[in-house]
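The structure appears below as structure tokens.
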Amino acid sequence: MNAPPVPVVRVLRGQEVLAHTDALRSVYVDAFCAPPWNEDEEKAAEFAERLPRDARRPGFTAALAFVGRDVPGFASGWTTLPPFPTDRCYPQAAVSLGARRTDDWLCGAFEVDELAVRPGAQGSGLAGHLLEAVTEDAPEGRSWLLTSVQAPGAMAFYHRQGWTQATLPSPDGKGIVVFLGPRHPARGVAPLPL
1 MNAPPVPVVR VLRGQEVLAH TDALRSVYVD AFCAPPWNED EEKAAEFAER LPRDARRPGF
61 TAALAFVGRD VPGFASGWTT LPPFPTDRCY PQAAVSLGAR RTDDWLCGAF EVDELAVRPG
121 AQGSGLAGHL LEAVTEDAPE GRSWLLTSVQ APGAMAFYHR QGWTQATLPS PDGKGIVVFL
181 GPRHPARGVA PLPL
């Protein structure tokens with residue numbers, strides 16, 4: 001019996017990623033249109049529409065896995081510039097951390113925006129390889145991400161990868177939490193989650 005082919009992970013910078021927009025959109029649909037994310041095709045279209053803008057952000061990096069021409073997964077992100085953003089889920093992160101920690105820990109650090117792996121490749125270690133590849137050149141090892149507390153599997157995955165949960169969920173048990181990467185210098189001073 002033949003073993004499944006091992007994906008090759010390539011790191012792309014800036015606009016290089018745009019040649020793979022259709023593949024990334026397809027992975028996004030496969031990864032996020034099912035529970036616990038339950039996103040729809042409209043969210044996948046929004047992702048594809050914002051990709052050219054995101055690719056122009058300072059420090060934009062994407063790690064894509066290839067098996068031949070197929071892309072079973074990807075991770076992407078950029079450097080979070082000051083002032084800290086006020087759109088999307090950022091205000092919740094800033095309130096949870098406080099202004100000083102937000103500026104010190106997140107501004108100037110590499111923010112992982114997306115990590116998506118097709119269901120058939122989940123559990124293979126691919127997500128961990130993509131996460132490591134996309135954050136390898138994080139400034140001074142400083143990387144971070146947001147994830148939903150409604151996705152306990154994702155939270156457990158980041159803990160297994162050595163990421164540190166730096167915020168607690170909102171009192172209603174919903175919303176997002178901030179994770180600091182394994183080489184982030186603030187890991188040791190982040191409050192331990194309950």
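Under the UniProt record's numbering, the first residue of the sequence shown is numbered 1, with each subsequent residue one higher. Each residue gets a CB set at the ideal place from its N, CA and C atoms; glycine is no exception.
1) Are the Cβ atoms of Leu131 and Val112 separated by less than 9 Å?
2) By how many angstroms is the C-alpha of Gly68 removed from the C-alpha of Leu194?
3) Give the straight-line distance between the Cα atoms of Arg50 and Phe110, rounded to the nearest whole angstrom.
4) Apply the 10 Å Cβ neighbour rule to Ala65 and answer buried if 16 or more other Cβ atoms are within range, or exposed otherwise.
5) Using a Cβ-Cβ cutoff of less than 8 Å, which residues in the same chain neighbour Glu136 once the five nearest sequence positions on both sides are dropped?
6) Which class does residue 209 belong to by DSSP, given the choice of helix, strand or coil?
7) Could you check what DSSP says for Phe110 in three-state terms: helix, strand or coil?
8) Whole angstroms is fine: what's the gap from Pro85's alpha carbon to Pro152's?
From the atom records:
1) yes
2) Because Leu194 carries a pLDDT of 46, less than 50, the predicted location of this residue cannot be relied on, and the following value inherits that uncertainty. About 44 Å.
3) Whole-angstrom Cα-Cα distance: 18 Å.
4) buried
5) Val11
6) What the structure shows of the chain is the stretch from 1 to 194, and residue 209 is not part of that stretch, so it cannot be assessed.
7) Three-state DSSP puts Phe110 in a strand.
8) 26 Å
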